[in-house]
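One structure is given below, encoded as structure tokens.
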């Protein structure tokens, strides 16, 4: 089998995921939110799709004809429904705008190539006709990465990679697989499972995000402790650019100069369109053991995770919620609040390996002040691991501003970083003496440091987008001032581009611009993302 | 303490390492070589340093004055002794040339800056005065990486980083250290040991190679299974370029665009001069357990190493010699030849972790057909682990052509790769019906593949450099045809540059040229290395 038997459907145009899975705000949470935020909840209705004023598409007829010649007429879609569904990503500002009925930025067409060569042909057409191209995988970006900006051109297309959905090769000896970029994770997992393999990559966007998107944005999955970040899984990749094809990665280790794969990983459609990835795969684990741990406070829990990450006995999954997130999660699941901080831990693999590593890691966690709670809290976490974005829609429906952001730093820098970001968000979003709810967790650990992931809920007020823009700016400035990275796994997109100079320096930006100048001299690829305009 | 108490001395100008450690060819080996290669051994004397015709330095007086202003007059050395000692690296062709008295390529001066700012100042002077700059660390390159090519300019200097020898910072919580680029490994280890840490990086060039050189060439150490490649250890780096300073790496994981560290890692002094690295360090291990294993043949041993690399129970050190190398190593050490293939394995770390991993890995090796031989063969290997280059000098003294080369590929590609390279070397170096001795080992393993390292000994004949050039070309063509990487850890330098188009494509080369155009627009940095001229 080379294509999946079951296809993941399209997401709702103005909310996360499958409309059938939309959830109402639990009564317990309604009361909690109103008490804590000090505001009455209000209904914030969405404009219906039938009432949208979709601007007419501006794709020049000659460009449309050339695109149709490249991919087939049926795969160039200028209809309103498709264009609205490619009008941006899934950040809270994205959703607030579309909920309010603003689809003025919808692309002029949605083009669906059938393979690498057709992607290359589309890029050639767009270069010739001065049409901007926004590569579109699952559409799950929360940083403005798929915002259809025109970059001064007459028109923009969404390059939907949905049809690149084949498993091209499996090497069972070397444990690698070559897959096309448009595969959703459940589809890829189905194809790999037929060979006994798994990717082990489970970000919160698991059900919709694509393999090409993971590579283009340096995604990290919830089991990154065991399976690694997605960029670390990529042995090879193929990318189409307006100036030709790049085939990169010839060995699992190489000293043949700079690693050019690492230029395409994280390139977010600005340098080329990743069409295939050759990734490390692992046997479907024969055993999975879950165990939750409780720590008296976040500092103790963080030190315990550090001990694990720095030992040779790393679990497959390990994440730690702070006191506030532990409390809110318990309230959401109806579980008894236990106080302290909850960590979920899981081990996967061969039974004898799981047993050995589990014994070592449990001893380390116990020595670091942890108390084992058994498997049940992990089961609860697994049950709702992909549900957060649906809950956000329910909060937005109730007039609450809810969003997340994330960063990473060395272990020694984490405490000050957490304080600075929390203070920035609190300062920007307090209203009438009531601070926002800011929770934090550690979800990706390394020997040298970890990521911090913040979830924020605040009263929406009259201008929730404006309020969030100010809060995001304050938090991002705090991250930069701490010397941390502006993003650990959400990528740059349009939203983080202003902080890229802090990240890599002005000279680093010039390097990126020079690379783009070679691969996309006309500048049609995903304008306005990743690399800011020259100051 | 921030500087080492003991300094590593300079290497011999026409041989490897410390002249006091030079070795004569053991009688047993003399007989063996003569028998196998079918040629009588001849004395191949070296031209004495006093008899060298060192060309006069061509550094323009204005450039010399500006360099003296940048680093201090005492650190601009135009004397013959220093220039001869920076006339190239330590490949067999390098040594054959210098042994024959050819130092026509010696640089026009050796400049020794005292820190990052002085490096930057030197680059500015060289750009202004059109002087080529060859960054020089330990001088251990075996691929022509420190060959002082002028690239069409009037003069070339060796930029010796010897004085950048400080430990700048240690973060004991995050287990990172920031070190200057000119530190030799034993010096860095002394500084780190004072804080209880080690790098764990032990390539064969351990005693002389520098940290900056490791980063610039993507070195891999003998314990790469446990400590990782050097490029994987680098969290951050600082590089001086003619267009400014790059400070890269803000977190252990990031999605902030392409990873520009990975452009400087492996850049071999062509894009900038790495002056500082922030690296992962590990506690000095409390336990080390050595164990050798025997396998009936190389295919069985390779499959066993693959099982280890793909399990979660990876040793710190694991390498496997083929039948020929196993035989030769035994002959060299005077040990009883056991037949089959020898693997050396070691585990380092906390005692309980070592015990757990050792039990799992021993079970895997036994199940894969291995027989445990105890610790003694590993002790023998440790005793001579850095001695290979001294033995090569003894072989060259006896008129034998001896050299090494290496590559890497996926596990499934290794058997055909080994055959193709062996056949290429054998075809090129057979004389009078006598084939060369070609041995092979696996010294770096990954879940997806491994490196192959070949050692060759052949009759030198009248034109050993010409013979090696032909053999190297044939082997490199075979590597490229197999889809393997042209180098796993020796880097590109001048010698592998012709195969870079096969490695990254012509478009990949254009990307590298564009990056160089931004960072070194005048093209003064290490001309003729890494990126070939446009076809």
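Protein chains in written order, with the working numbering: chain S, 1137 to 1671; chain B, 1137 to 1671.
Just so it is clear, CB atoms sit at the ideal spot from N, CA and C, and this is done for glycine as well.
If you're wondering where the values come from, they're calculated on a predicted model, not measured in any experiment.
How big is the Cα-Cα spacing for residue i and residue j?
| i | j | result |
| --- | --- | --- |
| residue 1088 (chain B) | residue 1258 (chain B) | Only positions 1137 to 1671 of chain B appear in this structure, which leaves residue 1088 (chain B) out of reach. |
| residue 1162 (chain B) | residue 1168 (chain B) | 10 Å |
| residue 1295 (chain S) | residue 1211 (chain S) | 10 Å |
| residue 1689 (chain S) | residue 1626 (chain S) | Residue coverage of chain S in this structure runs from 1137 to 1671, which leaves residue 1689 (chain S) outside it and unanswerable. |
| residue 1187 (chain B) | residue 1225 (chain B) | 21 Å |
| residue 1534 (chain B) | residue 1392 (chain B) | 55 Å |
| residue 1306 (chain S) | residue 1508 (chain S) | 40 Å |
| residue 1564 (chain S) | residue 1280 (chain S) | 21 Å |
| residue 1330 (chain S) | residue 1308 (chain S) | 12 Å |
| residue 1559 (chain B) | residue 1567 (chain B) | 14 Å |
| residue 1540 (chain S) | residue 1591 (chain S) | 4 Å |
| residue 1140 (chain S) | residue 1313 (chain S) | 15 Å |
| residue 1451 (chain B) | residue 1583 (chain B) | 13 Å |
| residue 1203 (chain B) | residue 1272 (chain B) | 16 Å |
| residue 1395 (chain S) | residue 1498 (chain S) | 38 Å |
| residue 1231 (chain B) | residue 1350 (chain S) | 48 Å |
| residue 1432 (chain S) | residue 1386 (chain B) | 30 Å |
Given that residue i touches chain B, what residues does it touch there, using C-beta distances under 7 Å?
| i | result |
| --- | --- |
| residue 1383 (chain S) | 1641 |
| residue 1387 (chain S) | 1544, 1545, 1585, 1620, 1621 and 1624 |
| residue 1548 (chain S) | 1307, 1309 and 1310 |
| residue 1398 (chain S) | 1394, 1395 and 1398 |
At a CB-CB cut-off below 8 Å, which residues of chain B make contact with residue i?
| i | result |
| --- | --- |
| residue 1666 (chain S) | 1393 |
| residue 1448 (chain S) | 1485, 1486, 1489 and 1493 |
| residue 1650 (chain S) | 1650, 1651, 1653 and 1654 |
| residue 1636 (chain S) | 1392 and 1393 |
Keeping to the same chain, check which residues put their C-beta closer than 8 Å to that of residue i; ignore five residues upstream and five downstream.
| i | result |
| --- | --- |
| residue 1207 (chain S) | 1247, 1248, 1249, 1250, 1254, 1257 and 1258 |
| residue 1615 (chain B) | 1543, 1553, 1556, 1557, 1621, 1622 and 1635 |
| residue 1667 (chain B) | 1406, 1633, 1636, 1645, 1648, 1649 and 1652 |
| residue 1420 (chain B) | 1329, 1332, 1333 and 1334 |
| residue 1665 (chain B) | 1280, 1281, 1283, 1285, 1404, 1405, 1406, 1628, 1629, 1630 and 1633 |
Ordered along the chain, which non-local residues of its own chain (more than five positions away) have a Cβ less than 6 Å from that of residue i?
| i | result |
| --- | --- |
| residue 1378 (chain S) | 1259, 1263 and 1656 |
| residue 1356 (chain S) | 1365, 1580 and 1625 |
| residue 1589 (chain S) | 1542, 1577 and 1579 |
| residue 1480 (chain S) | 1428, 1455, 1514 and 1517 |
| residue 1573 (chain S) | 1172 and 1593 |
For residue i versus residue j, is the C-beta spacing smaller than 9 Å?
| i | j | result |
| --- | --- | --- |
| residue 1440 (chain S) | residue 1429 (chain S) | yes |
| residue 1316 (chain B) | residue 1412 (chain B) | yes |
| residue 1209 (chain B) | residue 1245 (chain B) | no |
| residue 1458 (chain B) | residue 1618 (chain B) | no |
| residue 1278 (chain B) | residue 1228 (chain B) | yes |
| residue 1180 (chain S) | residue 1596 (chain S) | yes |
| residue 1344 (chain S) | residue 1183 (chain S) | no |
| residue 1222 (chain S) | residue 1284 (chain S) | yes |
| residue 1205 (chain S) | residue 1291 (chain S) | no |
| residue 1504 (chain S) | residue 1467 (chain S) | no |
| residue 1491 (chain B) | residue 1449 (chain B) | no |
Just to make sure I have the definition right: I need the residues of chain S whose C-beta is within less than 7 Å of the C-beta of residue i. Which are they?
| i | result |
| --- | --- |
| residue 1622 (chain B) | 1392 |
| residue 1356 (chain B) | 1389 |
| residue 1353 (chain B) | 1391 |
Tell me whether residue i, by its Cβ, gets closer than 8 Å to a heavy atom of the ligand ATP.
| i | result |
| --- | --- |
| residue 1537 (chain B) | Because no ligand of any kind appears in the structure shown, any question about the ligand ATP cannot be addressed here. |
So residue i contacts chain B; which residues on that side make the cut at Cβ distance below 9 Å?
| i | result |
| --- | --- |
| residue 1379 (chain S) | 1643 and 1646 |
| residue 1752 (chain S) | In the structure displayed, chain S extends from 1137 to 1671; residue 1752 (chain S) sits before or after that span and is not available. |
| residue 1403 (chain S) | 1393 and 1394 |
Please work out which residues of its chain come closer than 7 Å, Cβ to Cβ, to residue i, disregarding the five sequence neighbours upstream and downstream, and give them in chain order.
| i | result |
| --- | --- |
| residue 1240 (chain S) | 1191 |
| residue 1482 (chain B) | 1424, 1425, 1426, 1451, 1452, 1453 and 1514 |
Given a limit of 8 Å on CB to CB distance, which residues of the region 1482-1498 of chain B reach chain S? 1485, 1486, 1488, 1489, 1492, 1493, 1495 and 1496
Could you run through the region 1579-1601 of chain B and flag, in chain order, every residue whose CB is less than 7 Å away from some CB of chain S? 1580, 1582, 1583, 1584, 1585 and 1587
Output needed in chain order: residues of the region 1265-1288 of chain S with a Cβ under 7 Å from some Cβ in chain B. none
According to a CB-to-CB cut-off of less than 7 Å, which residues of the region 1293-1310 of chain S neighbour chain B? 1307, 1309 and 1310
Near-chain S residues of the region 1424-1442 of chain B - C-beta to any C-beta below 8 Å: 1442
For the region 1405-1416 of chain B, list every residue whose C-beta sits within 7 Å of some C-beta in chain S, in sequence order. 1416
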